[in-house]
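Keeping their order, the protein sequence lines are chains E and Z.
Position one of the first sequence corresponds to residue 3 (this note's numbering), numbered consecutively onward.
Position one of the second sequence corresponds to residue 214 (this note's numbering), numbered consecutively onward.
Here a beta-carbon is modelled for each residue, glycine too, at the ideal position from N, C-alpha and C.
Since this is a predicted model, take the numbers as computed values, not measurements.
Read the structure below first, then the notes.
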Amino acid sequence: MKSPSRNGKIVEVDDLKMYFPVTRGLLRHKVADVKAVDGVSFHIKRGETLGLVGESGSGKTTVGRCIMRLYQPTSGHIIFEGQDISQLSEHQMRPLRSRMSLIFQDPYGSLDPRQSAGSIVGEPLKVFHLANSRQEYRERVEELFRIVGLDPSMMDRVPHEFSGGQRQRIGVARALASNASLLICDEPISALDVSIQAQIINLLEELQERLKRLTYLFIAHDLSVVRHISDRIAVMYLGRIVEVTDRKTLYENPLHPYTKSLLSAVPVADPFLEEKRKRIILKGEIPSPLTPPSGCNFHPRCPMAISKCKKEVPPLRDTGGGHEVSCIRV
Amino acid sequence: MPVLLEVKNLKTYFKVYHGLVKAVDDISYHIKKKEIVGLVGESGCGKSVSQLSVLQLIPTPPGEIVAGQIIFEGQDLLQFEANGDEMRSIRGGGIAMVFQEPMTSLNPVLTIGRQLTEGLELHLGMDVNEARNRAIELLSMVGIPDADKRIDDYPHQFSGGMRQRVMIAMALSCNPKIIIADEPTTALDVTTQAQLLELMTDLVSRFNASLVIVTHNLGVIARYAQRLYVMYAGRIVESGTAKEIFGNPRHPYTIALLNCVPRLDEEEGRKLVPIEGMPPNLLNMPITCAFKPRCPYHIERCGQDPWPDLKLIEGQHYVRCYVET
């Protein structure tokens, strides 16, 4: 075990920027940057679930991948379990990788079709030398199967013999194999049938209860799912975080106009309630991160925008009780 | 309001190597004028096939409409040849469809304008200039800025939401009586989803058309549909007005569906109740209720007798279940 992190925070992200160069011509010289993540700061406490919501193109997946260090961030700091990992080399990252895992969106594409389920789940054990004998390896894989609610007798089957929900369970078992303390769940249920989604949500919740100190970064576009599973929620728009708060406040007292419109866009399965709800329909689409608008990048679509919004980038400020919002009009 | 489309005892089967898939098995429903109707169910429950059957767009073989009647404006559409002139004038002209995948349902090598004007020239007999002007008008109506310039663009130059707008323009172009939207917003972001559904319901009422929304999203139905049909394993298991069903869900499947999705307005600490087991394999189905293996309320009779009939609860609320839930 690494040294425990500062003030119970497992991850601290400080002013993270991830720019992807756009190259052109034979010599591939850089002509512009896609500012996928543009100055994002947040933290995740040990044992909690932080939900990260936003539309496609808001940079939420890129944030997850930067924390995993699948990308080399352009600037900023990522502190994982007390250690700044933003500039570590591939070699230095290796031992830390057992402490964090990813659960992918597509349970069809993220499992090797020719590998048996058992060996998919057991691979992290081999990579990180976590099993000393064949016997121990087998026992650990069986245990992981049981933890995620799969029958260990299915270990020798290959992915296509499983249903979508079962495949996602294999993905969860693999993520747990190396005793990771941080699981980054990137849209883990959006490819599943509605009746199956609840199984995976419940599994993730149970695991957190059972394996204390398991932390999730839950990335999704579906606000009702995120609200269900998260303790705190960060809302992203075009590479920046616009609002962070706990799940209760987010629904009851959203402050940022983007959060408000996002909430009003999600229909609730109740026609009586729907009749009364106010709908804020946003104009236009999320702009390209290649040419983001000036100032607050939400201003062209914002119903509350004033001329000042075009000039200033509003900082994320605490309005009390850890409810942070980046809007000068609030 | 008069009934515009009535589907009676429709059966669409697929003969595959391993046996018979009863994708749509004896469903009856109707759509009234200016009504918004929802069709809810999980993937593989036959909701799309039932809609494709209405327009005879089922690939044959392996698919075949085995039985049933589809009465549209007094005519049984199933009496028409699938490739005949009558069907062609109904597709787009009488009943239009908005498909799920805006990425794949537009032709990538034709301009947006060409794809829009095709229907106008064919169904409404417009000449090239008239059709083009009408197409520009339609595009600006669905909220495409600079429609007169964008009309010469190709589908790849449009974003997903924009392409779906083009699909809506296309569906509306020939003044159809009914628009069938098959998972129209599933692949899109929530904000775009809201924009498009608002646009669609608004335009449909302006054109005095009816709208069928096929979806698995109960929220979308609750927000927009007046009536709905819940499908499971090729059958309609519950139908009624939105308020009847959401206010008093009676079929165990509908109840389970409502309990397994997170809601934005839910209480702190609510536990989701997943539906046990998996959606059924439609191949060689037993004649008994297909939901029985996953049903927490099932009684002995459910495993012995064939599917029960739809029985009236009250008003327009029907349910297909032996158990009094």
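The three-state reading of DSSP puts F164(E) in coil, since its state is none of H, G, I, E or B. The Cβ atoms of Y442(Z) and P269(E) lie no closer than 9 Å to each other. Setting aside the 5 residues that flank it on each side, S103(E) is surrounded in the same chain by A177, A182, L185, each with a C-beta closer than 6 Å to its C-beta; the list follows chain order.
Taking each of I325(Z), D238(Z), L218(Z), T317(Z) in turn and checking the Cα distance to A309(Z), the smallest one comes out for L218(Z). Taking a Cβ-Cβ cut-off of 8 Å, the neighbours of G374(Z) in chain E comprise E287, given in sequence order. Look at the region 70-123 of chain E and you find these whole runs of beta strand (DSSP E), each 3 residues long or longer: 77-82, 102-105.
Under the Cβ criterion of 9 Å, H325(E) is not counted among the residues facing chain Z. Within the region 294-339 of chain Z, the runs of beta strand (DSSP E) at least 3 residues long that lie entirely inside it are, in chain order, 308-311. Taking a Cβ-Cβ cut-off of 7 Å, the neighbours of Q201(E) in chain Z comprise P487, given in sequence order. Between the region 240-257 of chain E and the region 199-216 of chain E there are fewer than three C-beta pairs closer than 8 Å, too few to call the two in contact. V196(E) sits close to V474(Z), with the two beta carbons spaced by under 9 Å. Residue environment: H93(E) is assigned as exposed (fewer than 16 neighbouring CB atoms within 10 Å of its CB, all protein chains considered). In this structure A34(E) is exposed. Its beta-carbon is surrounded by fewer than 16 other beta-carbon atoms within 10 angstroms.
The three-state reading of DSSP puts K235(Z) in strand, counting E and B together.
As the crow flies, the alpha-carbon of Y230(Z) is around 36 Å from that of V486(Z). Annotation note: the region 168-240 of chain E contains the following uninterrupted beta strand (DSSP E) runs of length 3 or greater, listed N- to C-terminal: 184-188, 217-222, 234-239. Neighbours of V227(E) in chain Z, taken as residues whose beta carbon is under 8 Å from its own, are P475 in chain order. Against R281(E), the close residues of chain Z are A407, E411, R436, in the order they occur along the chain (beta-carbon pairs closer than 9 Å). Counting only the Cα atoms, G432(Z) lies some 36 Å from L18(E). The CB of H429(Z) comes closer than 7 Å to the CB of V196 in chain E, given here in chain order.
In the three-state reduction of the DSSP assignment, T405(Z) falls in the helix class, which pools H, G and I. Classified as buried, N299(E) has 16 or more neighbouring CB atoms from the shown chains inside 10 Å of its CB. The count of Cβ pairs closer than 8 Å, one atom from the region 397-414 of chain Z and one from the region 229-246 of chain Z, stays below three, leaving the stretches out of contact.
Rounded to the nearest whole angstrom, the C-alpha separation of Q168(E) and P317(E) is 43 Å.
Counting C-beta pairs closer than 8 Å gives three or more between the region 315-331 of chain E and the region 241-250 of chain E, which meets the contact rule. In this chain, the beta strand (DSSP E) harbouring I278(Z) covers 276-285.
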